[in-house]
Amino acid sequence: MAYEERIARLQEQGVLTQAQAERLANSLSEKPREERDSRRPAGQYLLWTVVTGLLLLALYAAVGTDSGPPQIQDVRTSLNQPQEIGDMGKALTGGVSVALFVGIPLLALLIWFTWIYNSLVSREEEVLKAWAQVESNYQRRADLIPNILETVQKYMRFEKETLAGVVGERAKAMAGRESFGEQDAAAFRATVEEISKAQEASAAEMKGIVRAPQDEAQLARLYAAQQKLGSAMRRILAISENYPVLRSADQMLTLEAELEGSENRINVARMRFNEAAAEFNASMRRMPASLVASTGGFTRKAYFQADTGANKAVKLEFE
Amino acid sequence: MHVPSAAGLSTVPLLLVLAAAFLVVAAGGVYVYRPSISSVVEDDAGLIDPGQAEQLTTYCKAILDAYDIDLRIATSADGRDVNLFAARKFEAMKVGSHSHTGRGALFVVDPASDQVRLEVGRSLEGVYVDAFVKYIEERQMVPFFQADRVTDGILATIELIAGRAKEAVEGKAFDPARVTGFEKSTGAGAVSPAQISAGYRRPGSGVKADVVVPGGPLAVVDAYHRAMEAGNARSDLDIYTPATREMMARWVVTPAQMRNVASTYRKCPNRREKIGGDHAVVRYGVRQRQCSPYFLQRGQDGAWRLDLTQMSDTIGFNHRNEWHFSGPVPSGYSFAFDDWRFDQHGFPHPGRVGR
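For the protein sequence lines, the chains are A and B, in the order given. Read in order, the letters of the first sequence are residues 0 to 318 in numbering that gives the first Met the number 0. Read in order, the letters of the second sequence are residues 0 to 354 in numbering that gives the first Met the number 0.
Below you can see the structure in the form of structure tokens.
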């Protein structure tokens, strides 16, 4: 079932308010992916300028200053006489000398530039790949939100009014379930509110990131929102610990393992992103790559500044 | 005089270089490294003695041969975050590189932080989902760790990994794509408190020992399955012989083992009891390789009881969980197998030729 339908159903069942449902529905929608290869124009212009220059030089060298077709030299006529400077003693013609003394160094420069440029591109691609992994793991965890809420509501009654409004077979089915105590029900509602807001804030930050994060402040905001989201999701599961039937449900055990797994994947992806960004940033700052980086439009990538203990394992224990 | 052209001169070495390059690439494609102990077990914490490391390596090699899964074991004296340690160790040990299909998983035990983690490689994520990994850690491995039997815990968990691999092969759940080159893990798997030497807590300790001898051999076996299903691992149940009770009191019985017994035997058809004097055997179809026979003895009171001692001494299982006699057919129970023959490894086959 699509997440929109599930959210709508949760709203019908009174688990979500309208505002919470809207927040979740909007923020869980797939983030539109930016075109990956919108290469920096500055680097491209420079590259094409050098290539065009070389082509012109090659053309100039080929045509040279002579207008006629190349001829086989007649040694008898071209042997130098005393005091005479013949063809064999002549200095290289303009086209060839330009090709030798300007073209070859320029070609070497082009090869060097291309090599440095390509290595920067490869490292930047690694950063983009690592960031895509971070995004997909954030999405994976966010996708668990409807599952967790559905599982809890399947086993619990939320409030007496809800039950009173239910008739027939469904009322009978619900009658045997445990009911949240008032305190837990309030905690549950507050946590759902926190989840929906944190998810909305996180999705807004993610949408603002093009290709890979470059703004430390923005990344810090995203990190804070995600931390809040993760902690709220864990709190929902913690509330269920007071209810043995819910606690022992296979679905709940699976969800706990999935949440824990998602959190670990996020940590690993963040670690790899930081490593890739650090490598890219370091290579960009080194000479002479920094010259290519500045002309090629490469920019420094932001890091996750994890707070102390952020990498610690999530503690969700069975039984 | 004929002077070879420039093109002619360069063709021969170029072909040689290309041929060499082709050979290198082709060799890389077919060459798969076979594991040695040092590459399977890295015991920085000093938890595993050389004999156990050898045993683990043998078992891991059997799994590699049977299911192309590259299993490794690492212990850490680090005491820090076992999750990130596992991800880095997975990369450092290149777990999965022994496999043709890049299938790999790494056990990490960290006694300092008292945690255990099974890090699952990318190509196994769909088969060993996080919830399954969590389950086998907590319900199979940790009870052994509690009893201070780390290697046994890992071996017992590998049995469940093999069981799941068998199901995955049958259900074609493995990703058939061949992986070229090593792939880092994505952090899949699960972590659990290891509880090393915390003291084994027998499942069902709080349950009353009310499983009594209900009737004939088949009924006793049924009662045993019900006890397993209910998670009752008490050693003092009336369905066990006195020797079995003594042995059971020393055994580590895990919730996963009990669930496994209950679910395996639910799928075992052609059940039949054979009685010879005070001995009885409940056995299943000869082709039901995962359904091992039960041995029972009649006591002084005339009641049938399970003789798990004799079963554990004589029946073994391979990595596919197929049963076989690890020695001669036990004399007291051989009457029940005279219509089967056993091969050199003790596996049963239909036919009357005795072993």
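Just so you know, even glycine gets a beta-carbon here, dropped at the ideal spot from N, CA and C.
Element boundaries [beta strand (DSSP E), containing residue i]
i                        : result
tryptophan 322 (chain B) : 322-324
serine 191 (chain B)     : 187-192
threonine 74 (chain B)   : 69-74
tyrosine 293 (chain B)   : 293-297
glutamine 19 (chain A)   : No beta strand (DSSP E) contains glutamine 19 (chain A), which is instead part of the alpha helix (DSSP H) from 17-27.
alanine 279 (chain B)    : 278-282
leucine 117 (chain B)    : 114-119
valine 141 (chain B)     : Where valine 141 (chain B) is concerned, there is no enclosing beta strand (DSSP E), although the alpha helix (DSSP H) it sits in stretches over 141-145.
Top-ranked residue by Cα proximity to residue i, from the options
i                       : options                                : result
glutamine 194 (chain B) : B:Ile160, B:Pro216, B:Ala146           : B:Ala146
arginine 288 (chain B)  : B:Gly125, B:Gln309, B:Glu272, B:Tyr264 : B:Tyr264
serine 75 (chain B)     : B:Ala232, B:Gly186, B:Pro110           : B:Pro110
serine 239 (chain A)    : A:Leu228, A:Ala301, A:Lys227, A:Leu252 : A:Leu252
valine 133 (chain A)    : A:Ala288, A:Gly295, A:Ala292, A:Ala276 : A:Ala276
proline 145 (chain A)   : A:Lys206, A:Met286, A:Glu181, A:Leu9   : A:Leu9
glutamine 198 (chain A) : A:Arg220, A:Ile6, A:Leu27, A:Ala211    : A:Leu27
leucine 159 (chain B)   : B:Pro241, B:Pro347, B:Phe346, B:Asn317 : B:Asn317
glycine 345 (chain B)   : B:Gly331, B:Ala335, B:Pro327           : B:Pro327
valine 40 (chain B)     : B:Asp80, B:Asp67, B:Met92              : B:Met92
serine 191 (chain B)    : B:Ala85, B:Gly298, B:Lys171            : B:Ala85
arginine 234 (chain A)  : A:Val267, A:Glu259, A:Tyr222, A:Ala57  : A:Glu259
aspartate 237 (chain B) : B:Val212, B:Asp306, B:Asn259           : B:Val212
Separation of residue j from residue i, as counted between CA atoms
i                        : j                        : result
glutamine 51 (chain B)   : threonine 57 (chain B)   : 10 Å
alanine 203 (chain A)    : alanine 164 (chain B)    : 42 Å
isoleucine 72 (chain B)  : leucine 217 (chain B)    : 42 Å
alanine 18 (chain A)     : alanine 248 (chain A)    : 29 Å
aspartate 342 (chain B)  : glutamate 257 (chain A)  : 45 Å
glutamate 4 (chain A)    : arginine 138 (chain B)   : 36 Å
glutamine 225 (chain A)  : arginine 233 (chain B)   : 46 Å
leucine 55 (chain B)     : alanine 189 (chain A)    : 50 Å
serine 333 (chain B)     : asparagine 269 (chain B) : 19 Å
aspartate 113 (chain B)  : leucine 70 (chain B)     : 21 Å
valine 219 (chain B)     : lysine 273 (chain B)     : 14 Å
isoleucine 147 (chain A) : glutamine 250 (chain A)  : 9 Å
alanine 163 (chain A)    : asparagine 241 (chain A) : With a pLDDT of only 48 at alanine 163 (chain A), under the threshold of 50, the placement of this residue in the model should not be trusted, and no figure is reported.
glutamate 181 (chain A)  : arginine 22 (chain A)    : 25 Å
arginine 269 (chain A)   : isoleucine 110 (chain A) : 35 Å
serine 98 (chain B)      : serine 261 (chain A)     : 26 Å
alanine 279 (chain B)    : aspartate 312 (chain B)  : 17 Å
proline 349 (chain B)    : arginine 139 (chain A)   : 51 Å
alanine 226 (chain B)    : threonine 243 (chain B)  : 15 Å
glutamine 304 (chain A)  : glutamate 193 (chain A)  : 23 Å
valine 119 (chain B)     : aspartate 129 (chain B)  : 9 Å
lysine 227 (chain A)     : arginine 299 (chain A)   : 27 Å
glutamate 136 (chain B)  : alanine 172 (chain B)    : 22 Å
glutamate 215 (chain A)  : arginine 285 (chain A)   : 21 Å
valine 285 (chain B)     : arginine 319 (chain B)   : 16 Å
glycine 152 (chain B)    : arginine 220 (chain A)   : 43 Å
Close-in-space but distant-in-sequence residues of the same chain around residue i (CB under 6 Å, 5 per side omitted)
i                        : result
glycine 101 (chain B)    : Gly95, Ser122, Val178, Glu182
cysteine 267 (chain B)   : Tyr283, Gln287, Cys290
methionine 246 (chain B) : Thr308
Amino acids of chain A, ordered along the chain, whose beta-carbon sits closer than 9 Å to that of residue i
i                      : result
glutamine 77 (chain B) : Looking at the sequence provided, one finds aspartate at residue 77 (chain B) rather than glutamine. Under the 9 Å cutoff, chain A gives no residues; its nearest Cβ is about 13 Å from aspartate 77 (chain B).
lysine 171 (chain B)   : What lysine 171 (chain B) touches in chain A: nothing, since even the nearest Cβ is about 23 Å away.
Per-residue contacts from residue i into chain B (C-beta, under 8 Å)
i                        : result
threonine 332 (chain A)  : Not covered by the structure: residue 332 (chain A). The range shown for chain A is 0 to 318.
threonine 253 (chain A)  : Ala130
methionine 270 (chain A) : Leu83, Ala86
Residue i, enclosing alpha helix (DSSP H) - first and last residue
i                        : result
glutamate 90 (chain B)   : 81-91
leucine 319 (chain A)    : Limits of chain A in this structure are 0 at one end and 318 at the other, which puts residue 319 (chain A) out of reach.
lysine 273 (chain B)     : Per DSSP, lysine 273 (chain B) belongs to no alpha helix (DSSP H); it is in the beta strand (DSSP E), 271-275.
tryptophan 114 (chain A) : 103-141
proline 254 (chain B)    : 254-265
7 Å CB neighbourhood of residue i in its chain, flanking five on each side removed
i                       : result
aspartate 338 (chain B) : Arg351
valine 291 (chain A)    : Phe112, Ile115, Tyr116, Leu119
arginine 148 (chain B)  : Val251
aspartate 64 (chain B)  : none
Under 7 Å from the C-beta of residue i: neighbouring residues of chain A
i                      : result
threonine 74 (chain B) : Result: empty, since nearest Cβ-Cβ is about 17 Å, beyond 7 Å.
Partner residues on chain B for residue i, Cβ-Cβ distance less than 9 Å
i                     : result
glycine 260 (chain A) : Val128, Asp129, Ala130, Val132, Lys133, Gly186, Ala187, Gly188, Ala189
Same chain, Cβ closer than 8 Å to residue i, neighbours up to 5 away in sequence not counted
i                      : result
arginine 201 (chain B) : Ala232, Arg233, Ser234, Val252
leucine 106 (chain A)  : Leu53
glycine 315 (chain B)  : Trp322, His323, Phe324, Ser325, Gly345
Chain B contact residues for residue i, given Cβ-Cβ distances below 7 Å
i                       : result
glutamate 257 (chain A) : Asp129, Ala130
Residue-chain proximity (residue i, chain C), Cβ-Cβ < 8 Å
i                        : result
tryptophan 339 (chain B) : In the structure shown, chain C cannot be found, because the protein chains are A and B.
Residue i Cβ short of 7 Å to the ligand GDP heavy atom set
i                       : result
histidine 318 (chain B) : You won't find the ligand GDP in this model; it holds no ligand whatsoever.
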